[in-house]
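Protein chains in written order, with this note's numbering: chain A, -7 to 987; chain B, 8 to 180; chain C, 25 to 140; chain D, 267 to 659.
C-beta: ideal position from N, C-alpha, C; glycine also.
Since the structure comes first, as structure tokens, the remarks are kept for the end.
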Amino acid sequence: MPALRNKNCNYISKKEIKITFDGKSYSAYEGDTIASALLRNNIRLIGRSFKYHRPRGIYTCGIEEPNALVQILNEHNEPNTRATVKRVYDGIKICSQNRWPSLSFDIGSINNILSPIFSAGFYYKTFMGPKGFWKKIYEPLIRRTAGLGKPPKNFRSKSIHQNHNIDILIVGGGLSGLIAARKLIGTDYEVLLIEQDSFLGGILKNSNKVKKVDGKNVFEWVKETEKLILESKNIKILKNTLVTTYNFTNHLIALEDKYAGKKIDINKSELILHKIRTTHTILANGHIERFISFRNNDLPGVMLASSFEKYIERYGVVADEKPVIFTNNSSTISLVKSLINLNCIPSAYIDSRKIDDIENDTKEYLSKNNIPFYPESEVEGCEGNKKVEKVYIRNSHNKISFINASMLCPSGGFNPDIHLFTQSKGLVKWDDKIISFKPDTAFQNTITLGSVSGNYEFKNLCKEINKKLSFLKASDLNLEIETNIRDDFSIKELWETKINKMSKWSKSFIDLHNDVTTKDLKQAINEGYDRIEHLKRYTTNSMGTDQGKISSINSLGIVSKILNKKISEVGTTTYRPPYAPLSFAAIAGRSTYEYYDPERKTPIHNWHIKNNAVFEDVGQWKRPWYFKRNETETMHQAVQRESRQTRKTAGILDGSTLGKIEIKGKDALEFMNLMYTNAFSKMKPMTSRYALMLGEDGMIMDDGIICKISDKHFIATTTSGGAPKVFAHMEEFLQTEWPHLQVYLNSITEQFTTFNISGPKAREIVGKVFSEIDFSNEKFPFMTFKTFNYKNTQARIMRASFTGELGYEIYISPQYALELWELIFKYGKDFDLVPYGTETMHLLRAEKGYVVIGQETDGTVTPIDINFNWMIGKKKKDFIGKRSLTRSDTAREDRKQLVGIVPLDKSQFIEEGQHIVECESLPSKIKKPIEYLGHISSSYHSPNLNHCISMAMIKSGNKLMGKKLFVSTPKGTKNIPIEIVSPVFIDPENKRLTS
Amino acid sequence: MTTLISTDTVNIIQKNFQQILIRGDGKDQFNQIINKEISLQPPSKNLEIKISDKYIFAKNSFDQWTLVYLIEQNYKEIIKTISSLNSNDEILASDYSYGQVYFEVSGENKDEFLNKLTQFDLRNKKFPDLSMAQTLIARIDCYIYKLNNKYIITCNKSYEDYFKERLVDLINL
Amino acid sequence: MILINCPYCGEREQSEFTNGGEAHVIRPKDPDALNDKDWGQYVFYRSNPKGIFYERWVHSHGCRKWFNAVRDTSTDTILKIYKLTDNKPDISEFQNTLESPSGEPAVGSGNFAVKK
Amino acid sequence: MWESPEPKKGYDVIIVGGGGHGLGTAYYLAKEHGIKNIAVIEKGWLGGGNTGRNTTIIRSNYLWNESANLYDHSVKLWENLSEELNFNMMFSQRGVMNLAHNEHDIKEMKRRISANRLNGLDTQWVDTKQIKELVPIMNTENLRYPVLGAAFQPRGGVARHDAVAWGYALRSNEMGVDIIQNCEVKDIKTDNHKVEGVNTSKGFIRANKVAVVASGHTSVLAQTAGVRLPLQSRPLQALVSEPIKPVINTVVMSNAVHAYVSQSDKGELVIGAGTDGYNSFTQRGGYDVIEETVRAIVELYPIFGKMKMLRQWGGIVDICPDASPIISKCEVKGLYFNCGWGTGGFKATPGSANVFAHTVAKDEPHKINEAFNLERFSNGRLIDEHGAAAVAH
Ligand SMILES: Cc1cc2nc3c(=O)[nH]c(=O)nc-3n(C[C@H](O)[C@H](O)[C@H](O)COP(=O)(O)OP(=O)(O)OC[C@H]3O[C@@H](n4cnc5c(N)ncnc54)[C@H](O)[C@@H]3O)c2cc1C
Ligand SMILES: NC(=O)c1ccc[n+]([C@@H]2O[C@H](COP(=O)([O-])OP(=O)(O)OC[C@H]3O[C@@H](n4cnc5c(N)ncnc54)[C@H](O)[C@@H]3O)[C@@H](O)[C@H]2O)c1
Ligand SMILES: Cc1cc2nc3c(=O)[nH]c(=O)nc-3n(C[C@H](O)[C@H](O)[C@H](O)COP(=O)(O)O)c2cc1C
Ligand SMILES: [Zn+2]
């Protein structure tokens, strides 16, 4: 039998759709949430609870829901969806969670019987011995029972971000949010109004409390207001958008569900994450009703009173025609009125307040409508088989009676929804009148209006708004608000009712989501966990997906009673973002998957692709790692071929990713002398030099080649990965330490595409390409450079080498880069010019004994350690890092030093990262640490020597030349016998370089 | 010049362009030298743009200016300008032509569109006409110039493909 | 994410900036004259107060200019921003809201930590 | 249960900071060194500092011998801690994996694995296929920085953070240690380079030895005794998702795609973010850091895109220039520091507490913490655990 429909409801369409829940099909209306649809179909049992697998139903009508979490089977299988928020569409498939084999018969519910074991802190006290049992038996068991829903099998989101910069943000399009917005219409402020629901109106649509605003029926008033806002130029509205996060400096995050109530299009972004930067934030986000703990307050059929009312008014569904209503405050009477309007008569109205404190209108109304009235009474508990069947009432004389009913609607009062306000770091204070915390001092430009500010009186609302917004340039607005209830809110403290009847099954919950009972709280306090933060962590109270929205203040109430303290002394736990669980996909936005990190490509990139380059990531750059000559060629073969060919004739490398910095100014020389270890003073113009840059700690930071154009003008290169850091480092010292130096820096990395041609035939090739330049050794010696015009652009060629061969480095405008590269190949063809990648570059330089920063060095290596004493300008008074080189530890002679290593048996290969030891073999299981001298930093099979060559950083390396030692292997126990040699394996006399 | 995106509300075109990056102290002598070379007074206020039919001349930082050529020049001329600027010790001029890419974004929804990629405050009161800024767009460093009804965005050429993809991707979502 | 008012570009999000640690640490004029300990102090030791902190920032994704700021590290409120060429503002200009080293109240937790 | 007494007039040792390290120090002082007249003074609630807000990853696969020894000393203690304290730490040795995303990572990890092996640790290299078997939901190929392999330490894992503080508190309290909560140390009183006691919100408390284990706040306290420490305090953030059925049974960390994740026994994903780029004591941190982390998580595990963040928080970590801790005496007699654990001191809790107790009791370091002294910032003998410096080619 479907539930009654409230025909007066304006917010739900008449269009019928089909939904599926646990395999069964039901009809629903467009605009329904899962919860309203299921209630419409009289479904009460929705899921099983987290720990005890108790049957659970729908407890609330909104984001605060602790129970009704379901899995959506379309939409890639979304777990833990709030049934009370998620809107249905035709064909949506929903299933319940945390049950096996079925919702009504769930094996896990045995936990409920075993519950004494699962009491507060049970993890810590049980499941320990005997030895090994934790790891093998208990832990796997506990883990299997963990969690709620299941993650999808695969998923890729297209959620996007939208940034806003505005003057005023209004959070909440309820009564006070709308009044504030109306005030701001036509002002100079750019305003954004955000509402989580698909309709504006808040309390006006969610309840029957307000009859008229400004003389108009509330529906009409909201409609008119929305129209005026939409017509205004300065206010925008975002609906279906939930503000989740309030960061510093008025930065807020809100999540918009673009497909609320619609089937998702997987090619579009289903979620938009709004990032809002505003000058003022107006929080008008209302209040949250709290529950009351009583025996079995979790049974399906227990639903908060105002939620029940919201289902009637907002969704047009009357979940039960004869509910029992249980309250401790004055506002619940509006639910009775909603029901009476539909000719439904509540089974009972139980009010815990003293009869004299209960409003006369309420008493009269109840008696006029013949509603059984229980003043000064409370619900002791309820019972039933997977649903409420009997409600036990304790009256003022402490007598317990029961009535039959299938729904029970408690109201424990309202909490101003201070979550966002405290996220903003605003301070709250306790208010005895409303028995809750409310905002006190704002930390940012934050204004709270309406019930979030603790103002529960409609009559005061406009006054409050006018006053709090008086600092804005907007005129006052005075609207009359006519209500259906008494305006003076009254409440009596009641957190938990006294329990009479006990059974194993009976429990009084404080946290429905995490299955924490009031007994757990008491037990934890008894065990000494009496700080609110300990209680939370020991019992897991308020740590569930709802973060205790309807219950956390209640737990403070209960705890304060036991500890005999004031609630304000107990204090709250910290409210942390997000306000409600926030989609990872939305947080990530589009900057993930293919756009996780930008890719940088050189101007030659497409040529590399065409020529079968395999790429390597270096920082954000894509660099050719090696070129595959054919499908079957392995990396090893390719690298051996490229290396051999380069030493035989010539090879070319795309070096465009190298950082380049132009340095100019009258103090450029002095500056360079301070930045690098080298001395540049005596260096001749138009020559270049290999240089090292240190940190103040004396450790090598970067290297590069410095071209000196004049004492006032230099060009420096940096490593590809180090470019931004080096540039920033130079700029920092110029601005902060040596502002008196007149020097300017420009990064010109992208302005010059760079090629390295090296090999014995390099000269012949460049000679053909640039026929106007004299490349002879006399005219163009090693470590000099020339600038010249190339197609009207300025190009530069430097004679330098990282391979140990004769080499030229060409710098050319990106405009002509590709055509020049192809031209070089045209001329290079006769010489079998080979393109090579970073791996071959590394191999070739290792043969020559050159270091790679970041491979031989690791942030703990000084220039002296790698035998670069010659690069230190000893006569220089100062340079960055100089002083650190003479500290007692950096000056030690037994530091790790750079050496070369070769295996004694030339057929053996040494792996990078292995360590040099003195022992011939290792025990199969190492129990006591084994001493080592250092590690292999680079290792290659040298095609030119035809055996393995390695570089290593080892203790007192310089003294160990010629020594025979061993190198470990990744898995085996037998070490490789090796000899320590000089790290320069090829051309130690530099003949190839300089001829 | 190619049209990258054209919709009812957003249009984006891309082109190759020439540009010089100038560093200096911005004082009298500096202004005279520049003025002599390109007969345009460098803007003196930070983030200010001066525009002629040939150039956008922007002060993009405390001691840094960019000169964007709106009409393609003979490259030789540009090189000449650069080297005569550089003949002064207190000026560093670097050729930035073709190492950057250039996008013109126009259309009614340009702000909303760009604010999907950047948090930068594009509102007139924070970012008036004829001003420029250096900021992050789509997570990379960009220059953005505001000219009446359009924005010009430039970024390093190595990011060209990435940046284009991000723009097109958004239009389709 | 805080907003920082770059003295050259205006307000931008903190992610455009890089923090440079304590401000007004001057590099020794003659490093060789220092002993290991004093040199170590310069290289590795920086003040780390809870409360008022003089620090450096660089607008690394904007104008690349360095500047100084005074920030209350207990609230992340920026109290003042000034150029490198400006004088160091006196500490008495700022109100320290911390009543004790950690400034935390007896009850509750981070929520109620520090009043602005 | 532990008691909450009022402080006595004086103690043999005062430990400032009721986190895991501080409580553990009290425990070992009482148990192994027979010093029982101890107070642990905590400004808030026990374990409310970083002990209560960390992502609980435990491993010992550090590069340098000094670190490997220290952290492995700790892992060995972890292995018996539940039994020793009769409190279930839920130490789950499900293995910790460090992913390699580029050639440089591979080189760095292989070196570390080899060094670990020689130090007797169980770190091993696993290739992509093995990674897929251990963590089937990981996307290893189809991402910006593909997963190329990983260093895997099977003995690593996670433990229940709160239990550590509570377990040590219970047992040290049983041995007579006073645990004083909601008592803030305002300054450390010294005279003539010697410690006299501490001024607290509950008055002056005398002691000949004061051991400061206040993580993020250590340098603030040191300052009151005129001691400067090379520490910077930064927010470090973490977050949890909603609980789901078990999908990831290993701890996975990645530096290049900056994120680390494990799934708790309750089912939520526990995710660690990075530190903010500036000093701060707000226990909050910037939203941009969270965004970066979640981006990385979604990149590595696309299906987590459907997950939701339940809660995010921050802790204040104290970072040393070389990313290694300080467990040391100082120029003030009777004043000891255990700090600088930065983003990774939870794993060290038992080990650090154990050697620190030795240092305090004997007034000289244990062999294991000898190298973690303050002199290293003068003589240059750092224990640089930043991993290798910048990637360069
Ligand atoms: C988000 C996050 C993730 C982390 N993840 C990991 C991880 O995965 N693995 C890992 O090994 N480590 C991790 N860490 C680091 C780890 O948490 C810490 O290194 C470790 O917990 C430090 O323990 P502690 O006992 O020294 O400090 P804490 O637990 O912080 O204890 C210090 C105590 O001192 C108290 N105190 C401070 N000032 C005073 C005062 N004036 N008077 C009295 N008491 C005072 C504090 O209130 C605090 O309780 C993480 C840290 C964070 C923040
Ligand atoms: N007398 C009583 O019994 C009683 C009790 C409580 C409130 N009141 C009165 O009711 C009125 C309530 O008006 P109001 O405007 O304060 O509340 P409201 O409920 O009308 O509006 C709050 C709005 O904010 C939205 N919202 C909440 N959190 C949000 C978020 N994070 N993101 C986006 N939207 C969010 C809600 O959906 C709702 O529409 C007040 O005048 C108050 O005095 C009376
Ligand atoms: C390992 C771990 C798991 C956590 N799991 C949860 C959780 O399931 N639910 C929750 O609300 N908070 C969880 N938290 C976060 C705590 O609620 C809390 O935010 C954190 O301890 C920091 O304290 P604070 O937020 O009170 O400052 C977890 C924290 C840690 C360290
Ligand atoms: Zn700036």
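Alpha carbon to alpha carbon, how far is residue j from residue i? Give it in angstroms, no decimals.
i                            : j                        : result
valine 621 of chain D        : serine 481 of chain D    : 17 Å
arginine 135 of chain A      : glutamate 534 of chain D : 11 Å
serine 339 of chain A        : lysine 314 of chain A    : 5 Å
lysine 215 of chain A        : aspartate 189 of chain A : 15 Å
phenylalanine 612 of chain D : threonine 317 of chain D : 7 Å
valine 761 of chain A        : proline 144 of chain A   : 58 Å
alanine 614 of chain D       : valine 464 of chain D    : 27 Å
For residue i, which residues from the same chain have a beta carbon less than 6 Å from its beta carbon, with the 5 sequence-adjacent residues on both sides left out?
i                        : result
leucine 365 of chain D   : Val413, Ala416 and Ser520
threonine 169 of chain A : Note on residue identity: the sequence assigns glycine, not threonine, to residue 169 of chain A. The residues are Ile162 and Ala276.
lysine 85 of chain A     : Thr12, Leu65 and Asn66
For ligand 4, any of its heavy atoms closer than 8 Å to the Cβ of residue i?
i                      : result
serine 68 of chain B   : yes
glycine 141 of chain A : no
With a threshold of 8 Å, establish whether the CB of residue i neighbours any heavy atom of ligand 2.
i                        : result
alanine 252 of chain A   : no
isoleucine 11 of chain A : no
alanine 276 of chain A   : yes
glutamine 188 of chain A : yes
Closer than 9 Å by beta-carbon distance: list the chain B residues that pair up with residue i, in chain order.
i                      : result
tyrosine 32 of chain C : Asn53, Leu54, Ser68 and Phe69
Along chain B, in chain order, which residues have C-beta atoms closer than 7 Å to that of residue i?
i                        : result
glutamine 436 of chain A : Those within 7 Å of glutamine 436 of chain A in chain B number zero; the least Cβ separation is about 18 Å.
Less than 8 Å separating the Cβ of residue i from some heavy atom of ligand 1?
i                        : result
threonine 537 of chain A : no
Check whether the Cβ of residue i sits closer than 8 Å to any heavy atom of ligand 3, and report yes or no.
i                        : result
arginine 529 of chain A  : yes
glutamine 503 of chain D : no
Is residue i near ligand 5, going by C-beta to nearest heavy atom under 8 Å?
i                      : result
leucine 555 of chain A : Absent from the structure shown: ligand 5. Ligands present: ligand 1, ligand 2, ligand 3 and ligand 4.
Going along chain A, which residues have a C-beta under 7 Å from residue i?
i                      : result
glycine 106 of chain B : Glu742, Gln743 and Pro806
For residue i, return the contacting residues in chain C, with the cut-off set at a CB-CB distance below 8 Å.
i                        : result
glutamate 490 of chain D : Correcting the residue identity first, residue 490 of chain D is threonine in this sequence and not glutamate. Within 8 Å Cβ-Cβ: Pro125.
Ordered along the chain, which non-local residues of its own chain (more than five positions away) have a Cβ less than 7 Å from that of residue i?
i                        : result
arginine 647 of chain D  : none
aspartate 988 of chain A : In the structure displayed, chain A extends from -7 to 987; residue 988 of chain A sits before or after that span and is not available.
Residues of chain D with CB closer than 7 Å to the CB of residue i, please, in chain order.
i                        : result
threonine 121 of chain C : Those do not exist, as threonine 121 of chain C stays about 12 Å from chain D at its closest Cβ, beyond 7 Å.
Residue i versus chain A: which residues are under 9 Å apart at the beta carbon?
i                       : result
threonine 14 of chain B : Going along chain A, no residue has its Cβ under 9 Å from threonine 14 of chain B, so there is no contact; the nearest lies around 15 Å.
Could you tell me which chain C residues have their CB closer than 9 Å to the CB of residue i, listed as they occur along the chain?
i                     : result
lysine 227 of chain B : For residue 227 of chain B there is no data in the structure shown, the boundaries of chain B being 8 and 180.
Handout entry: Within 8 Å of chain C by C-beta, residues of the stretch 140 to 167 of chain B in sequence order
Key = Ala140, Gln141, Thr142, Leu143 and Asp148
Handout entry: Positions along the stretch 516 to 538 of chain A whose CB lies within less than 9 Å of some CB in chain D
Key = Asn518, Glu519, Gly520, Tyr521, Asp522, Arg523, Ile524, Glu525, His526, Arg529, Tyr530, Thr532, Met535, Gly536 and Thr537
Handout entry: Against chain B: residues of the stretch 666 to 678 of chain A by CB proximity under 9 Å
Key = none
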